[in-house]
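Engineer: This is the structure I have questions about; it appears just below.
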Amino acid sequence: MSNILSGCGKQGQDIDLANIDISEIDKIEHTGTTGGKDGGYSYLLSKSESSGLIDLLNQVKLGNTVDEKEALSSGAVSYYTLYFTDGEEMTISPGQYFKIEDTYYEFRNYNELWDRFAE
């Protein structure tokens, strides 16, 4: 997992989610809220769903970091926690800005890919 976040920073270098391979994933948990009262959910993705998510992540193009205040929005929020076979974890939240752990990034191909995340 360490090579996924290498080279990231405010200078415009991309984070390479294309380096994630399904064989490195133990499981993926999807959690979030629908934005309403008692609207929380949590479940594990099936192997097929996990493979589809990794294929989608491999296509994501991220840019510069974005200030959290600029990136935050109200309403539904969705998180995916990737549990790697080496014991590492990474939590992401796709949206107009793409959150990885505690950092927000420009989601350069948001318009191209967003509908596939929202399925």
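With our numbering, you'll find the sequence shown wraps up at 120, consecutive numbering, no jumps. All residues carry an ideal CB built from backbone N, CA and C; glycine is no exception.
1) Let me check understanding here. Comparing Cα to Cα, which of V78, K70 and D17 lies closest to G40?
2) Looking only at its own chain, which residues have a Cβ that is under 8 angstroms from the Cβ of L54, when we skip the five neighbours before and after it?
3) Put I93 into one of helix, strand or coil per three-state DSSP.
4) With DSSP run on the structure shown, which of helix, strand or coil describes N20?
5) Would you tell me roughly how many angstroms separate the C-alpha atoms of I93 and I101, rounded to the nearest one?
6) Measure the alpha-carbon distance for G88 versus L57 and round it to whole angstroms.
Structural biologist: Reading from the atomic positions:
1) V78
2) I29, L46 and Y81
3) strand
4) helix
5) 4 angstroms
6) 22 angstroms
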